[in-house]
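To convert, count from 1 in the sequence shown and add 1; that's the numbering used here.
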Amino acid sequence: MPLLTVKNLSFSYPDMQKPALEDISFLINKGEYTVILGANGSGKSTLARIIAGFLEVQEGQVQLEEGARTGIVFQYPKDQIVSGIVSRDTAFGPENLRLSPAEVEQRVIESLSVSGMLDRADSRTNALSLGQTQKLAISGILALQPDLLVLDEATSMLDPESRKDILDFLDACHKNGQTILHITHDYEEACRAQHVIAIQAGEIIFDGSREKFQANTPLIRLLFGQPVEAARRSPDDFVDADIALALRDISFSYEEGTSVLKGLNLDIYKGTLTAITGVSGSGKSTLMEIAAGLLQPSSGKVYADAYPSLALQDSQAALFEPYAADDVAFGPINQGIHGKELKKRVRDAMELVGLPYDQFANRSTQKLSGGEKRKLSIAGIIAMDSQVLLFDEPTSGIDPISRKDLLLLLQKLARSGKTILFSTHRMEEAAFADRAIHMEKGLIASDSACRQPALSEDLSLASQKTLDGAKMLSKLRKTAAFAVAPAKIKGFIQKLSPVLKYLTFLTIFLASLAMPSIYLVAGVAAVSVLYALLAKYPLGRLCTSFLKVLPWMLLYCLIQMIFIPPLEGEPHFTEWKWFMVTPFKIKICAIALFRVFGVLSAIQVFIYSTGEKEILEGFATLLKPLSALHIPVRSLVVVTEIIFRFIPILIEEASSIIKTQLERGGLGSARGFFAKIKILFPLFIPLIIQTLRRAEVLADALTARYF
């Protein structure tokens, strides 16, 4: 029986000349595994969003069996996550279906078990690898027990091991009767399905069984292109090549203590195309950001003739101009390029990556498909015409023909004298490179180069410093991790129940604000220190936080000395015009200092000692009596949960924008307070745009969970 019927469906976006979908018709039966294939921009994601109910039908019909429920997994797994804790994220959908707590817990356990994520149930979602995040995104949708599971290129950004886990997982779901609609660019994934649909330019060009698809050679060539000989050059050709970029004894650890790179040594030779492979978390992206000056290594040095230009892995966040041509022009403009030369650079870069200038120049960057955004972000780096170009996962999310074209482009750039380094999850893509490097756990496991770097090698290159603006990135990371306690810290406060943690915090917080006597408020400040000690909160960190607000408190005290009238008859320690110091004024200032110290201590220690899950559970318990008054307690808890999720998202967006601006010549260095404020202006509008986009994506994620 048909579970889904699509009949004569057409859809157009307001600013597009051609319909995104035109007269689409097909059926999906219950228990069927269907794959939809097509190039970037062919309309696949638009079709998925219409089926899932995110876009309204303009023409034609989309009919789902009565009572049936859809669940969609987005292309970017991070866009799917709504909670900061793995188990809470999986539980979010079932809770919206108003299931009993016991049934919610059962669905969470079942979904996480099937996806292999049960052992990470209490982990923070922003600490997961990309593969784990994808598994969590699927788990959250499976917990809804949808009749139709829709996956929009859900494996396009995964390493081979994680991808295989997801595909095996889908096979198991299908065997258990799950109906699956999987949008993909991959031939192997298509061959796992029973039913294959191919779309080109918004129209269906094939609809049939897997066997008929596999027998249709012209169609396969149309979708995946002709086999291309890698034609890589032999490493022997570069035995005497000069070094363009050198990394010596590089180690790197993030603030939370996670070691990523461990004494790595690497030389990249001029005019070569080098590929780096390795699973997610092996250190590829960190290595590239250190090479590009975005990260300061914990130890070791980077040597180069000039700063390389890096195309970041997150192409979605790398675009911040409203129109495509403007985004590509951003870097050259910062280099001082204008007029005809600027237009030529932009046009040439867009044409090289397969985005014809006349067709895409005035297209909105946020309305491009995922693959088109990837191509545009690469064009923005190519347009800078740097001698050393770094590309982090440049082929993720683009169709097979575009992947081959891009790899051939990288070969062409290397043949022209550019030094190219790119990372990839696909071994067949690494075959296009002159040299293949494989990384495991922060170290180079294998290297096809004939020459091996030596620490004693005499380098003629200049030592490369971290970009000035990259200091902002370090501050953002510290801000994100500042209030998070290490997992091994288990003080007395950490052992309390969530409700007792709340009551302890509120008692100290409110007492700091309410105590009228200097002796009492000083006593509360002393209690707040004891509170920190019982939570094993570093007192040095507490003092540092207080010292940061102390200048503002001293300004407050100065105002009190000028404007607050003294008590009648009290002595004046010093007096100059309106400024006078008296015992009463000193008392007011001392009380204010003790209040701020107590409040600051209470907030920091509470966040440090109380995990997000406990904060939400305690909040829900404290508000539970209000449900008797018909106050929507769950909505208040969900809003709080979204705030916890959205703050790190904004920090991540700000970090991505700063990286992109730095790599394309923005921000620059600043000396003095006003100069530092001035360089922040280019961040504001992109951050607002990305915040609105993220808010829209988060709204979609909530809708996908039936909130």
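We put the beta carbon where it would ideally sit given N, CA and C, even for glycine.
For residue i, the three-state DSSP class (helix, strand or coil)
{"i": "V723", "result": "Outside the modelled stretch of the chain, which goes from 2 to 708, sits residue 723, for which no answer is possible."}
{"i": "S13", "result": "coil"}
{"i": "Y270", "result": "strand"}
{"i": "T185", "result": "coil"}
{"i": "P78", "result": "helix"}
{"i": "D393", "result": "coil"}
{"i": "I402", "result": "helix"}
{"i": "D701", "result": "helix"}
{"i": "E1", "result": "Past the boundaries of the shown model lies residue 1; the chain is included only from 2 to 708, so the question cannot be answered."}
{"i": "D24", "result": "strand"}
{"i": "L4", "result": "strand"}
{"i": "S513", "result": "helix"}
{"i": "V58", "result": "coil"}
{"i": "S114", "result": "helix"}
{"i": "E100", "result": "Before going further, note that residue 100 is Leu rather than Glu in the sequence given. Three-state DSSP puts L100 in coil, outside helix and strand."}
{"i": "G381", "result": "helix"}
{"i": "V83", "result": "coil"}
{"i": "A312", "result": "strand"}
{"i": "N363", "result": "coil"}
{"i": "T126", "result": "helix"}
{"i": "T287", "result": "helix"}
{"i": "S498", "result": "coil"}
{"i": "T71", "result": "strand"}
{"i": "A484", "result": "With a pLDDT of 48 at A484, under the threshold of 50, the predicted position of this residue should be treated as unreliable, and no value is reported."}
{"i": "T156", "result": "coil"}
{"i": "A671", "result": "Because the pLDDT at A671 is just 49, under 50, the model does not fix this residue reliably, and the value given afterwards should be weighed accordingly. Looking at A671 - three-state DSSP - the assignment turns out to be coil, as it is neither helix nor strand."}
{"i": "A276", "result": "strand"}
{"i": "L131", "result": "helix"}
Residue i, enclosing alpha helix (DSSP H) - first and last residue
{"i": "V347", "result": "340 to 353"}
{"i": "V525", "result": "519 to 535"}
{"i": "D328", "result": "325 to 335"}
{"i": "C558", "result": "540 to 564"}
Candidates the options, of which the one nearest residue i by Cα
{"i": "W577", "options": "S529, I563, I589", "result": "I563"}
{"i": "D237", "options": "Q453, L48, P572, L5", "result": "Q453"}
{"i": "I181", "options": "V597, Q561, K374, G32", "result": "G32"}
{"i": "I616", "options": "E642, S513, Q215", "result": "E642"}
{"i": "F75", "options": "A245, L356, L311, M158", "result": "M158"}
{"i": "I73", "options": "E154, I29, I86, F27", "result": "E154"}
{"i": "D148", "options": "M2, I25, D166, S163", "result": "M2"}
{"i": "Q179", "options": "Q195, A307, F423", "result": "Q195"}
{"i": "T273", "options": "A292, A242, N266, L288", "result": "A242"}
{"i": "L295", "options": "R348, F253, A527", "result": "F253"}
{"i": "C451", "options": "I184, A536, G132, Y270", "result": "Y270"}
{"i": "V640", "options": "F93, L4, A191", "result": "F93"}
{"i": "L10", "options": "F27, D16, Q18, Q412", "result": "F27"}
{"i": "E352", "options": "I338, K341, I383", "result": "I383"}
{"i": "R211", "options": "L444, I198, F170", "result": "I198"}
{"i": "A603", "options": "I652, T505, G141, R249", "result": "T505"}
{"i": "L408", "options": "S387, M385, G418, D435", "result": "D435"}
{"i": "G203", "options": "Y14, K344, G340", "result": "Y14"}
{"i": "I29", "options": "I587, L540, R99, T6", "result": "T6"}
{"i": "S656", "options": "T575, Y538, L688", "result": "L688"}
{"i": "V58", "options": "I648, P567, A21, S464", "result": "A21"}
{"i": "E104", "options": "V550, Q146, I560, L262", "result": "Q146"}
Residue i - containing beta strand (DSSP E), residue span
{"i": "Q201", "result": "196 to 201"}
{"i": "R436", "result": "436 to 441"}
{"i": "T35", "result": "34 to 38"}
{"i": "I421", "result": "420 to 425"}
{"i": "D172", "result": "Premise fails: D172 lies in the alpha helix (DSSP H), 161 to 176, not in any beta strand (DSSP E)."}
{"i": "L149", "result": "149 to 153"}
{"i": "S710", "result": "Only positions 2 to 708 of the chain appear in this structure, which leaves residue 710 out of reach."}
{"i": "L444", "result": "444 to 448"}
Residue i beta carbon near the ligand FAD (any heavy atom closer than 6 Å)
{"i": "E104", "result": "The ligand FAD is not part of this structure, which contains no ligands at all."}
Identified DSSP bridge partners for residue i
{"i": "A305", "result": "L246, A463"}
{"i": "E204", "result": "Q201"}
{"i": "V582", "result": "T575"}
{"i": "K260", "result": "The residue asked about is misnamed: residue 260 is Ser in this sequence, not Lys. S260 is bridged to S254."}
{"i": "N41", "result": "DSSP lists no partner for N41."}
{"i": "S300", "result": "S252"}
7 Å Cβ cutoff, residue i in contact with chain D
{"i": "K165", "result": "Looking at the structure shown, chain D is missing, and only one protein chain is on hand."}
Exercise. Can you check the region 604 to 663 for any alpha helix (DSSP H) of at least 4 residues that lies completely inside it and give the ranges in chain order?
Key: 613 to 624
Quiz item: Which runs of the alpha helix (DSSP H) spanning at least 4 residues fall entirely within the region 206 to 241, listed in chain order?
Solution: 211 to 216, 218 to 225
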